[in-house]
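In our numbering, the protein residues as written are 135 to 319. All residues carry an ideal CB built from backbone N, CA and C; glycine is no exception. Quick caveat: nothing in here was measured; it's all calculated off a predicted structure. Inspection log for the structure reproduced underneath, given as structure tokens.
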Amino acid sequence: MWRYVVGFALVSVLTVKGIEQYTAYQGFEHRGQTSKQDAQAPQKVAKAKIEDEDAYDPFEFSGRKARIKMDRSGHFITTAKMNGRKVTVLVDTGATSVAINKSTAKRLGIFLKASDFKYTVNTANGATKAASAYIKRIEIGRVTVKNVRAAVLSDKALDGSLLGMTFLGQLKGFEVKNRQLILTQ
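Structure below.
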């Protein structure tokens with residue numbers, strides 16, 4: 135069982151102008167709006183020890199909604215299906231992108247060459263190289279988003295998987311209520 139999660143706020147630490155420059159010059163397609171507040175969100179490393187396995191029963195369903203319970207340390211950790219494979223993710227509304235490591239990418243059928251790691255991204259641990267990729271399908275319960283842009287980092291740079299705004303921004307909405315993150319499609 136995966137006992138620790140490390141989350142990074144990728145690219146979101148750049149200014150809005152910086153993201154636009156990054157988008158224009160580094161080849162990432164920027165979809166949706168990024169607010170100035172989100173773009174200037176502080177870097178964050180979220181390390182959550184799973185103390186109560188029952189806190190991770192992630193889903194209650196109502197139509198096209200999924201509810202993720204907050205864990206004891208205040209994080210939203212759940213199991214998502216990416217390209218049909220189960221992946222434990224930290225949902226981070228302050229992160230610009232979905233971020234996965236190279237090992238997870240391989241499990242999802244995304245194969246990258248060394249030359250694909252040409253984009254510089256800023257993480258809580260400093261700058262590192264990343265590749266851009268698309269995940270064909272991400273599912274949390276009945277909520278499904280297709281063709282989600284993701285940053286792929288080396289295994290050393292990213293220990294877990296992070297579900298950021300390239301996924302969340304394609305939903306109708308999301309809110310935190312009664313210690314639950316409610317995703318609505």
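Pick from N312, K203 and Q319: whose alpha carbon is nearest that of R302? The residue you asked about is not Arg; residue 302 is Leu in the sequence shown. When only C-alpha atoms are compared, the closest one is Q319.
Can you give me the Cβ contacts of G152 inside the same chain, cut-off strictly under 7 Å, excluding the 5 residues immediately before and after it? Confidence at G152 is low in this model, with a pLDDT of 36, below 50, so its placement is unreliable and no value can be given for it.
Using the rule of at least 16 other Cβ atoms within 10 Å of the residue's Cβ for burial, across every protein chain shown, is E194 buried or exposed? Confidence at E194 is low in this model, with a pLDDT of 47, below 50, so its placement is unreliable and no value can be given for it.
Just curious, the alpha helix (DSSP H) that L242 is in, first and last residue? No alpha helix (DSSP H) holds L242; DSSP gives it neither H nor E.
Count the other C-beta atoms from every protein chain shown that fall within 10 angstroms of the C-beta of M306, then say buried if there are 16 or more, exposed otherwise. Met is not the amino acid found at residue 306; the sequence shown has Lys there. Exposed, because fewer than 16 other Cβ atoms sit within 10 Å of the Cβ of K306.
What's the call for S231, buried or exposed, on a 16-neighbour Cβ count within 10 Å? buried
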